[in-house]
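>
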Amino acid sequence: MNVKEAIRARRSIRDFKSDKVKKEDLDLILEAARLAPSGTNLQPWRFIVVESDEMREKLKGCTLDFVGDAPVTIVCCVDYKALEEMNDRLKELQEVGALKGTALEKIDPSNYKGRKMSKEDIKRYLHLNLSIAIENMALQATELGLGSCWLMMFNEKKLSQLLNLDDNLEAVALLPIGYGSDNPAPRPRLSLDRIVIDRI
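According to UniProt numbering, the sequence shown is numbered sequentially starting from 1.
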């Protein structure tokens with residue numbers, strides 16, 4: 001299955017078989033997240049893999065039941081401490097030549113502060129970067145014949161307490177993964193002429 005086929009085949013699956021997800025498949029899914037692009041190569045994503053029967057049952061107390069019914073759920077978090085490593089990430093990008101021909105190529109990484117951002121800007125920035133990693137996982141799962149459902153419907157406080165998350169970690173989304181019990185039809189999509197505002 002190529003990328004185009006995975007994009008077309010991906011569905012939000014909410015009914016899973018009880019079959020376990022193979023460790024090697026789960027590792028490939030997590031590797032897809034690890035390889036995702038991010039601003040300044042910050043890689044602010046952190047993941048908690050919920051697989052045990054006990055934790056899956058407890059997860060139901062924080063979100064929709066079908067999430068706990070999935071054989072595995074990846075809790076997708078952002079790490080606000082990742083911002084403290086921006087200078088290191090910039091230096092790494094310079095060392096591999098990724099910034100060649102840009103204003104960042106010759107800047108002193110130890111003095112780099114990035115653009116000034118409000119708390120809201122920082123949250124949006126980190127969430128956006130995590131979103132790319134989540135979509136990578138969803139597409140990799142599809143390529144492996146697995147279903148997933150990216151959702152943000154959960155009680156953040158309960159989930160944080162259940163997982164004993166550090167203050168620097170914020171759970172943003174859940175990604176239940178497993179073999180789907182059905183093969184739903186494609187969801188309706190707006191036509192290109194509705195979403196492409198202009199070509200200039």
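We put the beta carbon where it would ideally sit given N, CA and C, even for glycine.
Flag this pair as yes or no: are the beta carbons of Asp15 and Asp182 separated by less than 8 Å?
The sequence position of residue 15 within the sequence shown is 15, counting from 1. The sequence position of residue 182 within the sequence shown is 182, counting from 1. Closer than 8 Å, so yes.
> If you draw a straight line from the C-alpha of Lys116 to the C-alpha of Ile197, how long is it?
Counted from its first residue, the sequence shown places residue 116 at position 116. Counted from its first residue, the sequence shown places residue 197 at position 197. Each residue's Cα considered, the two are about 30 Å apart.
> To the nearest angstrom, report how far apart Asn136 and Ala6 are at their CA atoms.
Here residue 136 refers to the residue found at position 136 of the sequence shown. Here residue 6 refers to the residue found at position 6 of the sequence shown. Cα to Cα, the separation comes out at about 11 Å.
> How would you label Pro176, buried or exposed, when you count the other beta carbons within 10 angstroms and need 16 or more for buried?
Here residue 176 refers to the residue found at position 176 of the sequence shown. So Pro176 counts as buried.
> Look at the Cβ atom of Val3, then the Cβ atom of Pro44, and state whether they are nearer than 8 Å.
Stepping through the sequence shown from its first residue, residue 3 is reached at position 3. Stepping through the sequence shown from its first residue, residue 44 is reached at position 44. No, they are not a contact pair.
> In chain order, what residues of the same chain have a beta carbon less than 8 Å from the beta carbon of Glu120, not counting five sequence neighbours either side?
Locating residue 120 in the sequence shown gives position 120, counting from the first residue. The answer is none, since no qualifying residue turns up.
> Roughly how many angstroms lie between the CA atoms of Leu139 and Arg10, to the nearest whole one?
Numbered from its first residue, the sequence shown carries residue 139 at position 139. Numbered from its first residue, the sequence shown carries residue 10 at position 10. Distance between the alpha carbons of Leu139 and Arg10: 7 Å.
> My output table needs one value for Pro176: the three-state DSSP class, helix, strand or coil.
Reading the sequence shown from its first residue, position 176 is the one you call residue 176. Correct three-state label for Pro176: strand.
> Could you tell me the alpha carbon to alpha carbon distance between Glu51 and Val72, rounded to whole angstroms?
Reading the sequence shown from its first residue, position 51 is the one you call residue 51. Reading the sequence shown from its first residue, position 72 is the one you call residue 72. Each residue's Cα considered, the two are about 5 Å apart.
> Let me know the secondary structure DSSP gives Ser148 once reduced to three states.
What you label residue 148 is simply residue 148 of the sequence shown in a count that begins at 1. In this structure, Ser148 counts as strand in the three-state DSSP scheme.
> Measuring straight from C-alpha to C-alpha, what distance separates Met153 and Glu24?
Against the sequence shown, residue 153 aligns to sequence position 153. Against the sequence shown, residue 24 aligns to sequence position 24. When rounded, the distance between both Cα atoms is 28 Å.
> Throw me the rounded Cβ distance for the Ala171 and Leu159 pair, which I believe falls under 8 Å.
By 1-based counting over the sequence shown, the position of residue 171 is 171. By 1-based counting over the sequence shown, the position of residue 159 is 159. Confirmed, Cβ separation roughly 5 Å.
> What did DSSP end up calling Asp19 once you bin it into helix, strand or coil?
The residue labelled residue 19 in the question sits at position 19 within the sequence shown. Coil at Asp19, not helix or strand.
> Would you mind reading off the limits of the beta strand (DSSP E) that contains Thr73?
Position 73 of the sequence shown, counted from the start, is the residue given in the question as residue 73. First-last of the beta strand (DSSP E) with Thr73: Val72 to Asp79.
> Return helix, strand or coil for Ile29, following the three-state DSSP convention.
Residue 29 sits at position 29 when you count from the first residue of the sequence shown. It is helical.
> Measure the Cβ-Cβ separation of Asn87 and Ser110 and say whether it is below 8 Å.
Translated into the one-based positions of the sequence shown, residue 87 becomes position 87. Translated into the one-based positions of the sequence shown, residue 110 becomes position 110. Yes, these two residues count as a Cβ contact at 8 Å.
> When the Cα atoms are used, what is the spatial distance from Lys100 to Glu85?
What you label residue 100 is simply residue 100 of the sequence shown in a count that begins at 1. What you label residue 85 is simply residue 85 of the sequence shown in a count that begins at 1. Going from the Cα of Lys100 to the Cα of Glu85 covers about 21 Å.
> Do Gly178 and Leu146 count as a contact pair if the criterion is CB distance below 8 Å?
For the purposes of this step, residue 146 is identified with residue 146 of the sequence shown, where counting begins at 1. For the purposes of this step, residue 178 is identified with residue 178 of the sequence shown, where counting begins at 1. A contact, by the Cβ cut-off of 8 Å.
> Less than 8 Å between the C-beta atoms of Ile122 and Leu83, yes or no?
Residue mapping note: residue 122 aligns to position 122 of the sequence shown, counting from 1. Residue mapping note: residue 83 aligns to position 83 of the sequence shown, counting from 1. Contact flag set, yes.
> Arg46: buried (16+ other C-beta within 10 angstroms of its C-beta) or exposed?
Along the sequence shown, one-based indexing puts residue 46 at 46. The residue in question, Arg46, is buried, as its Cβ has 16 or more Cβ neighbours within 10 Å.
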